[in-house]
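Residue numbers (this note's numbering): 4 to 231.
This report refers to the structure that appears directly beneath it.
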């Protein structure tokens, strides 16, 4: 049964958000069209990124926990990850938008974002020799700077709250993927390409990877919502 572990994680991550999408107060099903606009935009970036990093040994996948179906050098489970995980995270984002009516971070969102941008860019440039660190931190910082300085996106405060909530299931799912509760990790990392700092078993870069990942989805999701 070990070969189904990654697939099971994908399916379990989706199960409750999908079932709850029909709940009448949130009615997330009514926003599927806008959501998939965001997922497609994100997938075009992250699937290419994933394929390049996998091919260059920045990270890889343990065949012990895979069903054995591959596309462009990546397992089926990884492709499903980029469909199921953003769906689940954006469901949480919609729940927060529904139940937290006021944008509580609005007064501090700009200075908070500027500090985060400076830290991300500084760490990314300082560790330019570490591929995962530099690409993740610089890309996240640059895209966040676009939202703060150019687009002036009004939903950033709500996005930060949604991201913070998403970190809870992230630590569980990504923790298992990186070896928590298992004899071996499902996804392994080459520590020569990252800072070597782990949150339990999770490289610290993964938290910023998630931020960039969700920021792209939310950008196109919010744009589609506004258009429709």
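Beta carbons are placed, not taken as given, at the ideal position from N, Cα and C, and that holds for glycine.
Do you know how far the Cα of residue j is from the Cα of residue i?
| i | j | result |
| --- | --- | --- |
| residue 148 | residue 94 | 25 Å |
| residue 188 | residue 56 | 17 Å |
| residue 160 | residue 29 | 20 Å |
| residue 49 | residue 123 | 19 Å |
| residue 146 | residue 23 | 31 Å |
| residue 8 | residue 66 | 11 Å |
| residue 2 | residue 42 | Outside the modelled stretch of the chain, which goes from 4 to 231, sits residue 2, for which no answer is possible. |
| residue 229 | residue 222 | 11 Å |
| residue 45 | residue 70 | 25 Å |
| residue 174 | residue 205 | 8 Å |
| residue 156 | residue 132 | 32 Å |
| residue 180 | residue 162 | 25 Å |
| residue 21 | residue 31 | 9 Å |
| residue 199 | residue 231 | 44 Å |
| residue 184 | residue 18 | 21 Å |
| residue 102 | residue 75 | 41 Å |
| residue 121 | residue 129 | 12 Å |
| residue 53 | residue 100 | 30 Å |
| residue 154 | residue 4 | 48 Å |
| residue 68 | residue 113 | 43 Å |
| residue 150 | residue 219 | 11 Å |
Please return the same chain residues whose Cβ sits closer than 6 Å to the Cβ of residue i, not counting the five positions on each side in sequence.
| i | result |
| --- | --- |
| residue 61 | 134, 135, 193, 196 |
| residue 143 | 123, 211, 214, 215 |
| residue 96 | 165 |
For residue i, which residues does DSSP report across the bridge?
| i | result |
| --- | --- |
| residue 205 | 202 |
Within the continuous beta strand (DSSP E) that includes residue i, where are the two ends?
| i | result |
| --- | --- |
| residue 192 | 190–192 |
Using a Cβ-Cβ distance cut-off of 7 Å, determine whether residue i contacts chain D.
| i | result |
| --- | --- |
| residue 221 | Structure shown: chain D not included; a single protein chain is present. |
Please list, in chain order, all residues of the same chain as residue i whose beta carbon is under 8 Å from its beta carbon, the five residues on each side excluded.
| i | result |
| --- | --- |
| residue 16 | 87, 88, 91, 172, 176 |
| residue 73 | 79 |
| residue 139 | 127, 208, 211, 212, 215 |
In chain order, what residues of the same chain have a beta carbon less than 7 Å from the beta carbon of residue i, not counting five sequence neighbours either side?
| i | result |
| --- | --- |
| residue 13 | 80, 83, 84, 87 |
| residue 98 | 29 |
| residue 77 | 53, 54, 57 |
| residue 118 | none |
Is the beta carbon of residue i within less than 6 Å of some heavy atom of the ligand ATP?
| i | result |
| --- | --- |
| residue 173 | Among the components modelled here there is no ligand, and therefore nothing to report on the ligand ATP. |
Starting from residue i, follow the alpha helix (DSSP H) in both directions and report where the run begins and ends.
| i | result |
| --- | --- |
| residue 171 | 159–180 |
| residue 128 | 112–129 |
| residue 138 | 134–148 |
Q | Unbroken stretches of the beta strand (DSSP E), 3 residues or longer, contained in the stretch 17–79 | A | 62–64
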